[in-house]
Structures are given as structure tokens and as C-alpha cells.
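Visitor: Residue numbers (our numbering): 33 to 284.
Here it is, the structure in full.
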Amino acid sequence: MTGPSATFGFRDVDASEKAGLVRGVFDSVASRYDLMNDLMSAGVHRLWKDATAARLNPQPGEVIIDCAGGTGDMARRFAKLARAAQLRRGGPDAQIMIMDYNAEMIAAGRTKGGEPEITWNVGDAQRLPLPDACADAYVISFGIRNVTDVQAALVEARRVLKPGGRFLCLEFSQPATEMLRKAYDAYSFKVIPQIGQLVTKDRDSYQYLVESIRRFPDQRTFVSMIEKAGFSRAGYTNFTGGVAALHHGRAF
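Spelled out as C-alpha cells, the structure:
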């Protein structure tokens, strides 16, 4: 490597190479991404996402950035909740901007249909094509560990949020007990790549995804990174014993 390094699974690669490597992974798995999430988590990821959407509590008229939201499953949840609030008390439509670096993921999401509140955009989490202080909320679900520079993505999230804006990050994390950690490691490394091979004919991409989870900072370290990016009231909630965690902060 001749420049700064970045993680790609268990490998350290030149930072300039990571975006292309990650794009290759998601180009490969895009068409069956949601199916694989169901198979890998036995559907539990849907409960985590429902809890994240409920915590966000989208409101009529809000501008919400769904970063790394390619297939649109989170954005559809936000649209449904915002519309329900709109029916109760009126107000303008919410605006939900899906932003994803990978055009194949956006295309896969579009084929599933959308909602009138949703727009689909290709953009880099580290350099969002958006003005300062334009959004009421920013959510990134199972995507931040794939960016080249996680700290830069957090700073960018802070930039586009209005004062008081909500930041939520749902991501795989570190199990809270040694017993759960060992069981999760055994399942992740022995079962998930095999499922990837059977369903998508692509073992390597799912091997990367498992490895990328292990390289991601633990819950408390990630809280410190969120605070460093300029957020206040940072914290987290563990899901399924820490297999996933919902981190949050406020742009005060």
C-alpha cells in the first residue's frame, strides 16, 4: 500500500481501493440481498428494523435521509409511519431520500416499488450531494461498516442535519457475553458463507460481510466516534444481546 489503509473484511487494503471492492460485493448480491438477510437472521432483522423505525418516529413534513438504503426496506417503513401520523393530524408529506453508493442496489430497490414520499439517489456517504442542515433525521442501517472512512461518514451525517436533528445507526455489533459471542462466531463463519454459496453462488461476498462485522468498532468505541463527529446525547441500544445495536445522537 502506498497511501492510507482501510479495512476490507480481515484484509487491510489501500483506502482508494475499498469503494470499488465493496461495490463489487453489492453488485453481486443486490438482486437477492433482502432474501439473504431473511435467511441469515431467520427474519430477526425485520424486528430490528421495525424497532429502528419506531425509534425514529417519522413525522409529516420531515426530511429524512436513508443512507445506504438501496433496497428501500427502511424507507418504506418510514413512509408508512409518517403517513399514519399525517392521517391522524394532517400536515405535508414527509420527504424520504434514499441515498446509496451502489446503483445496483438502487435498481434492486426500485423493482420492489416505492412510496410517493420516497426518492432514489446514488451518492457517497462520505460526500453527500446535499446542502448543510437540510434534514430532520439521518438513518443508516447495516451500511456504515462498508464505507471507506467511518469517521468521515459520521461528520457528513452531522453536516446535513438541522439543529436538533436525529441520527440513528443500526449496525451489527459485538455480542455482550462470551457464550453468545462464541455461538455467533460459529454460526457466522460456518453457516452464512455457505448460505451465500447456495443462494447467490457467491461465497466470497458473504465471507467479506461476516469479516467486516468483526472489524467494526464495539458499541462504546462507536459512541465515542459519534461524539467526536459533533453529536450530543450519543448512546446505543443492544438488540439480540448485542448481535446488532442501534446507536443514536442529536445534532445540537
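Even glycine gets a Cβ: it sits at the ideal position worked out from N, Cα and C.
Quick caveat, the model's predicted, so the values are computed rather than measured.
What's the gap between the Cα of GLY155 and the Cα of VAL171?
Guide: 14 Å
Visitor: Roughly how many angstroms separate the alpha carbons of GLY127 and GLU149, rounded to a whole number?
Guide: It should be pointed out that residue 127 corresponds to Gln in this sequence rather than to Gly. C-alpha separation (whole angstroms): 5 Å.
Visitor: Report the three-state DSSP secondary structure of VAL171 (helix, strand or coil).
Guide: strand
Visitor: Measure the Cβ-Cβ separation of PRO124 and GLY146 and say whether it is below 9 Å.
Guide: Cβ atoms of PRO124 and GLY146: not closer than 9 Å.
Visitor: Compute the beta-carbon to beta-carbon distance between ASP250 and GLN206, rounded to the nearest angstrom, for a pair I have assumed lies under 8 Å.
Guide: A Cβ-Cβ separation of about 4 Å places ASP250 in contact with GLN206 under the 8 Å criterion.
Visitor: So GLY175 packs on GLY141, CB below 8 Å; how close in whole Å?
Guide: Contact doesn't hold; Cβ gap of about 13 Å is too wide.
Visitor: In whole angstroms, what separates the C-alpha of ALA38 from that of GLN118?
Guide: 43 Å
Visitor: What is the DSSP secondary structure of GLY196, counted as helix, strand or coil?
Guide: Note: GLY196 maps to strand in three-state DSSP.
Visitor: Considering just the uninterrupted stretch of the alpha helix (DSSP H) at VAL76, what are its terminal residues?
Guide: 76-88
Visitor: Using the Cα positions of THR209 and PRO163, report the straight-line distance between them to the nearest angstrom.
Guide: 42 Å
Visitor: When you compare only the Cα positions, how much space is there between VAL255 and LEU202?
Guide: 13 Å
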